[in-house]
Amino acid sequence: MKLRGQNFAKFIANLASDKKAFDVLILDLRKIDYITDFFVIVSGNSSTHVKTISDYIDENLSKNKIYPFHREDDIGYNWILLDYGDVVVHVFEENTRKFYSLERLWGDAKFIKLEDKGSKESKKSKL
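For the sequence shown, position 59 (counting from the first letter as 1) is numbered 58 according to the working numbering, and the numbering increases by one without interruption.
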């Protein structure tokens, strides 16, 4: 697998969707920051769902010899971060996502919303 950048972010977002992640969003950070090129932000219904989504992403990419540089889990699995270099994945429990509101913090980013396995690019207004 040779996916990079936005295509890699979309691939990861679709993996999350396979496990019923919701509010799947990609933030294009290339023009506003050098931390990473893309954030993939998704929500799960519970800490178990959050762990299931992140494990599914990790396992599927590992089968293709793609491993995260870093994985950060909080104690209750309310937020799991997978760092793949040019794409950083944030898997949140719904209330934790609302609390940290990365979409608001990175409001200048281009937002790419995925809907039903397809993508619809849009520039979202600030929250």
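Just so you know, even glycine gets a beta-carbon here, dropped at the ideal spot from N, CA and C.
{"Check": "Counting along the chain, where does the beta strand (DSSP E) carrying Ile141 start and finish?", "Outcome": "Since the first residue shown for the chain is 0 and the last is 126, residue 141 is missing from the structure and cannot be characterised."}
{"Check": "Output needed for Ala8: all residues of its chain with C-beta closer than 7 Å, excluding positions within five of it in sequence on either side, in chain order.", "Outcome": "Ile25, Phe37, Val39, Val86"}
{"Check": "Cα-Cα, which of Ser46, Val49, Trp78 is closest to Leu98?", "Outcome": "Looking at the sequence itself, residue 98 is Phe, so the reference to Leu does not match. Closest by alpha carbon: Trp78."}
{"Check": "At which residues does the alpha helix (DSSP H) containing Phe7 begin and terminate?", "Outcome": "4-17"}
{"Check": "Which whole-angstrom value is the C-beta distance of Ser42 and Asp22, which I expect to be below 8 Å?", "Outcome": "5 Å"}
{"Check": "What is the C-beta distance between Asp54 and Pro67, in whole angstroms, given that I count them as a contact (C-beta under 8 Å)?", "Outcome": "Actually they are not in contact, since the Cβ atoms of Asp54 and Pro67 sit about 12 Å apart, beyond 8 Å."}
{"Check": "Are there 16 or more other CB atoms within 10 angstroms of the CB of Lys19, so buried, or fewer, so exposed?", "Outcome": "exposed"}
{"Check": "Could you tell me which uninterrupted alpha helix (DSSP H) segments, each at least 4 residues in length, are contained entirely in the segment 67-99, listed from first to last along the chain?", "Outcome": "93-99"}
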